[in-house]
Amino acid sequence: MKLMDDDFNLEYLEGDQEGIAVCSFTRPKAKNSISRHMKNQMSQAIDFLKFEDNIRVTIMRSQVPGIFCAGADLKERVTMKPEEVGPFVASLRAMSAELADLPMPTIAALDGAALGGGLELAMCCDILIAANNAKLGLTETKLAIIPGAGGTQRLTRVLGPALAKELIFTGRVLDGNEAQTIGLANHAVQQNDAGDAAYQRSLELALQISPNGPIALRMAKQAINKGSEVDLQSGLAIERLCYAQVIPTTDRIEGLTAFKEKRPPRYRGQ
Numbered sequence: 191m192k193l194m195d196d197d198f199n200l201e202y203l204e205g206d207q208e209g210i211a212v213c214s215f216t217r218p219k220a221k222n223s224i225s226r227h228m229k230n231q232m233s234q235a236i237d238f239l240k241f242e243d244n245i246r247v248t249i250m251r252s253q254v255p256g257i258f259c260a261g262a263d264l265k266e267r268v269t270m271k272p273e274e275v276g277p278f279v280a281s282l283r284a285m286s287a288e289l290a291d292l293p294m295p296t297i298a299a300l301d302g303a304a305l306g307g308g309l310e311l312a313m314c315c316d317i318l319i320a321a322n323n324a325k326l327g328l329t330e331t332k333l334a335i336i337p338g339a340g341g342t343q344r345l346t347r348v349l350g351p352a353l354a355k356e357l358i359f360t361g362r363v364l365d366g367n368e369a370q371t372i373g374l375a376n377h378a379v380q381q382n383d384a385g386d387a388a389y390q391r392s393l394e395l396a397l398q399i400s401p402n403g404p405i406a407l408r409m410a411k412q413a414i415n416k417g418s419e420v421d422l423q424s425g426l427a428i429e430r431l432c433y434a435q436v437i438p439t440t441d442r443i444e445g446l447t448a449f450k451e452k453r454p455p456r457y458r459g460q
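The numbering of the sequence shown is our numbering, which starts it at 191 and goes up by one.
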């Protein structure tokens, strides 16, 4: 365990699951709503992960049954002065950007409701897996505000402007199956008796990812993220630059050698 707190913790798995980090919401009384304290804990965890070269995949989940994250802590928000709200939302936006920019692949496991800022955080991850009974929605317009931690932009890039507008204008909430159908979730899984089906599927996927070359994973993520925001020719140039960074690695030689010797590769991130 690297970081533990009453509201949020970061765990490094061991044994066969080595190389996988799990970030968990653990604030049941407030439905994992994001307070100043929780935001600070999340930022601290993200800062740890930025520089952890041995972590190959990060999973974000909740340990509270039925809830991923209910968004902003509205009880705390109502006590803020108007001049305090803007800077706090800006800090959430910056934290969300840092989560999206983590170098390793990230997976959001939604075994419960991910609403407002909770869904915004989930969309910062590379892959989103939802239980069939999870609830997903950007519901801010129901409170006379708008998504402020990147939701208007990330949802539009995933679904396109027309569908993003419909969901944000109405504040509509989707279940996991609907989220998968429209392309918001990569997978929808039948919830199990333990209430952690999305996490278990995320862990399975992480175990498929983690044996692969860690530098290659990071460069692939960078090429996709940066290339998707530009025209094709510029994207191809970004891919070329990212590819150039894997050529001198010992991992690349290990991959070729392991293929020749018909054995699993042993990558070291070098």
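Just so you know, even glycine gets a beta-carbon here, dropped at the ideal spot from N, CA and C.
- In the structure shown, the three-state DSSP call for A354 is helix.
- For a cut-off of 8 Å, the C-beta gap from I236 to M194 is around 16 Å, too long to register as a contact.
- Of the other Cβ atoms in all chains shown, fewer than 16 fall within 10 Å of the Cβ of Q460; this residue is therefore exposed.
- A buried status is given to A298, since no fewer than 16 other beta-carbon atoms sit within 10 Å of its beta-carbon.
- With three or more CB-CB distances shorter than 8 Å, the region 252-265 counts as touching the region 218-227.
- With a cutoff of 9 Å on beta-carbon distance, I336 and L395 are scored as not near each other.
- Assigned with DSSP and collapsed to three states, R267 falls in helix.
- When C-beta atoms of the region 382-396 are compared with those of the region 309-316, fewer than three pairs fall below 8 Å, so the two segments do not count as touching.
- The count of Cβ pairs closer than 8 Å, one atom from the region 196-212 and one from the region 232-246, reaches three, so the stretches are in contact.
- Per DSSP, Y457 is not a residue of any beta strand (DSSP E), being assigned neither H nor E.
- About 4 Å separates the CB atoms of A378 and Q370; that is less than 8 Å, so the two are in contact.
- The DSSP-derived three-state label of L193 is strand.
- If you draw a 10 Å sphere on the C-beta of A211, you find 16 or more other C-beta atoms in it, and that means buried.
- Take the alpha-carbon of A303 and the one of Q380: they are about 15 Å apart.
- With contact defined as three or more Cβ pairs closer than 8 Å, the region 276-291 and the region 326-341 are in contact.
- Judged by DSSP secondary structure, C259 falls within the beta strand (DSSP E) whose first and last residues are I257 to C259.
- In this structure the region 357-370 does not lie against the region 245-256, because fewer than three pairs of beta carbons, one per stretch, are closer than 8 Å.
- Annotated three-state conformation of D316 is coil, per DSSP.
- A residue is called buried when at least 16 other Cβ atoms come within 10 angstroms of its Cβ; I428 meets this threshold and is buried.
- Look at R453 here: in three-state DSSP terms it is coil, with no helix or strand label.
- If the five residues before and after A321 are omitted, its C-beta is found closer than 7 Å to the C-beta atoms of L300, D301, G366, V379, Q381, A387 and A388, all from its own chain and listed in chain order.
- Along the length of the region 418-446, whole alpha helix (DSSP H) runs at least 4 residues long occupy 422-436, reported in chain order.
- Secondary structure note for M250: its beta strand (DSSP E) is the uninterrupted segment V247 to S252.
- Between N402 and I319 the beta-carbon gap is near 19 Å, outside 8 Å, which marks them as no contact.
- Going by beta carbons, T346 and C315 fall outside the 9 Å limit.
- For E356 and A324, the gap between their C-alpha atoms comes out near 20 Å.
- For V348, no pairing in a beta bridge is given by DSSP.
- The Cβ atoms of A406 and R442 sit closer than 9 Å to each other.
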